[in-house]
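Numbering (this note's numbering), first residue to last: 421 to 1125. The next block holds one structure in the form of structure tokens; read it before the comments.
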Ligand code: WTA
């Protein structure tokens, strides 16, 4: 068995195999095509009782493929190999699973302490080729995307051939407007085939996309465009969500006023309403129709930038996390297959928006690299009613359903009949992401939605990790899944828990700062324009390790349980927000000298921001007027979801003698655990605590009225 893993042997073999595939030519593919299974109905083959049962072995893959090599090793051996010989493990995977224009010469060159991370050096490839062309060669009419539009029953299917053509037309459009390799392009679009084509068109020509969630305000969008110096923006006239119209073009118009780098705004028509077009605006559908549906792919270095995605940190402005070509693609495709037990013919349903990393990795890149049919969900879990998800599962015969705990917590409040009246027998794997899943939501998802028969994977990962790092699957056959726990590290992931002195904690039943001690191909490479911030944020706290910002507990069985953020990042409905960002927005109000924002638990959203506000003494307006102005400020500076749920006006904030706000005390006041305030010896004036407790008491009484 060992000899099979000799890298030289495998790589040679793989290249020969690829050459063989190519030389067989179109005839071979036509034969394949006639046998190709189009996605569609297919009963779940899992007839076991619940997630504790074993996962049935997937059909034997063809010899010479990575999966074939994998199927011969036990999961334990594979995991061990991924840590002890990462070059061999990742080298074989990359050579076999990706199509290269030029094979790579070296698997990796990484030094975590200096933030140097390079994978598959010397190799050249194109991500859009791996996500489109390779599948069009084999099964052009397979459905790549099912666009589940806002109105139920109006879904649109897009085949791999059609998606390639659209991508090429869009790529040619971008090129003809001066967009070149390395240029940054902002995408401010809701989930739609054109948004996916826009991402892939950038990948085709080597432009770097930065998708901005279409719920962000014009100022937030402008900040990202300015930071990335984007040359173009792609948007829609309007978005449609939950039956409501969102005026995207108007938001872009406001944003680009302060963005001189933007030369063109490409506008797609999602609704009938014509957009008001200005000088920089280009009608996307119209101009695309004049361009060819073929566009030669740009051969790109493994480490050329693929995309930037802005995310919140504990301090400062959102940071543009950089992901590159080969490592990211390989990691998303491998995790997509193994964590979710993806098989040919499945309909993969990830409910995330393309504006977040989950949408990038598990709506677009992972599934498309694996030739899957992937669902683009434009609507909300409660539109037109709380049965929407399950009606969609029945209609589209979804096999994997990947969603956020916040949506599950909302849905479980409704009657079970909203789930039960729809046929969910197509489901094989359930997944949860974005925030800790509580036991109630986990059990409801598992037993009501999954009828107790589908493995439910709680997947832990981050924008920075590129793909899932800790999840119950893959695992040995029959391995248990512990409810509400991420459990097992993925191949190549070596979690380490650190103690307060920066020491690695050994043994089980311990809690600490969650770090990862070996590089993996999917990890972020930098923060755009600020590599030092990248090093400081992730590699300085525990030298030689990647620090996640999360805390975790290793159970007595050696499984990982995420305990939450250790910094000032909060998670509102699965969306990451820095409390400092909200404070910055609030502090712009002239009547507000200072604020402190903390996250407090919320039974549906997970967490919500709670703002403590100090007002100037001589403010003209009444506090309620100012508070409304503060809400508006956060909406225009960031987004609606960032608006604090609570505002408490206080005279002073608790500070240390050196002037640092002690948020820990504010948390205790709100959680009413002031009996145990901990060490308050560093407080400048302890009487402030009493003041805040009293103000909070009053606030609570007012709220109850
Ligand atoms: C949190 C989302 C507990 C965590 C993919 C992390 C989770 C942050 C889980 C990243 C989970 C994500 N259990 N917490 N299964 N998944 N988180 O960058 O705090 O939007 O650091 O990536 O979400 O959020 P991000």
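Just so you know, even glycine gets a beta-carbon here, dropped at the ideal spot from N, CA and C.
Coarse secondary structure for residue i, derived from DSSP in three states
i            : result
residue 1005 : helix
residue 568  : strand
residue 527  : strand
residue 550  : helix
residue 746  : helix
residue 1103 : strand
residue 1082 : coil
residue 622  : helix
residue 641  : helix
residue 1046 : helix
residue 673  : helix
residue 588  : helix
residue 520  : strand
residue 608  : strand
residue 804  : coil
residue 756  : helix
residue 614  : helix
residue 865  : helix
residue 815  : helix
residue 1056 : helix
residue 781  : helix
residue 533  : helix
residue 1116 : helix
Rounded straight-line distance, which links the Cα of residue j to that of residue i
i           : j            : result
residue 812 : residue 697  : 36 Å
residue 681 : residue 838  : 49 Å
residue 721 : residue 728  : 17 Å
residue 475 : residue 897  : Confidence in residue 475 is poor, its pLDDT being 39 and thus under 50, which makes the residue's placement unreliable; the coordinate value appears in the next sentence. When rounded, the distance between both Cα atoms is 6 Å.
residue 617 : residue 932  : 42 Å
residue 830 : residue 557  : 43 Å
residue 690 : residue 971  : 42 Å
residue 528 : residue 514  : 11 Å
residue 836 : residue 605  : 44 Å
residue 672 : residue 641  : 8 Å
residue 512 : residue 602  : 29 Å
residue 744 : residue 613  : 22 Å
residue 471 : residue 905  : Caution is warranted here: a pLDDT of 32 is assigned to residue 471, below 50, making its placement in the model unreliable, and the coordinate value is therefore given only provisionally. Roughly 13 Å between the two C-alpha positions.
residue 967 : residue 1037 : 42 Å
residue 656 : residue 857  : 34 Å
residue 762 : residue 578  : 20 Å
residue 944 : residue 977  : 30 Å
residue 422 : residue 492  : Only weak support exists for where residue 422 lies, its pLDDT of 27 falling under 50; the coordinates are left without a value.
residue 892 : residue 876  : 8 Å
Any non-hydrogen atom of the ligand WTA closer than 7 Å to residue i Cβ
i            : result
residue 721  : no
residue 858  : no
residue 776  : yes
residue 853  : yes
residue 982  : yes
residue 826  : no
residue 1015 : no
residue 642  : no
residue 1062 : no
residue 1041 : no
residue 879  : yes
Beta-bridge partners of residue i, as assigned by DSSP
i            : result
residue 820  : 768 and 849
residue 981  : 973
residue 1021 : 1027
residue 966  : 936
residue 1126 : Here the chain comprises residues numbered 421 to 1125, so residue 1126 is not present and cannot be evaluated.
residue 998  : 989
residue 915  : 936
residue 947  : 741
residue 1014 : 1034
residue 727  : 629 and 743
residue 655  : 608 and 687
residue 539  : 528
residue 880  : 890
Min CB distance residue i to chain C below 8 Å
i           : result
residue 499 : No chain C appears in the structure shown, which is made up of a single protein chain.
Supposed contact pair residue j and residue i - C-beta distance, whole angstroms, cut 8 Å
i            : j            : result
residue 880  : residue 982  : 5 Å
residue 869  : residue 908  : Going by Cβ atoms, the distance from residue 869 to residue 908 rounds to 23 Å, so no, they are not a contact pair.
residue 1001 : residue 1058 : 6 Å
residue 687  : residue 703  : 6 Å
residue 998  : residue 733  : 6 Å
Proximity test, residue i beta-carbon vs the ligand FMN heavy atom, cut-off 7 Å
i           : result
residue 792 : As far as ligands go, the structure on display features the ligand WTA and does not contain the ligand FMN.
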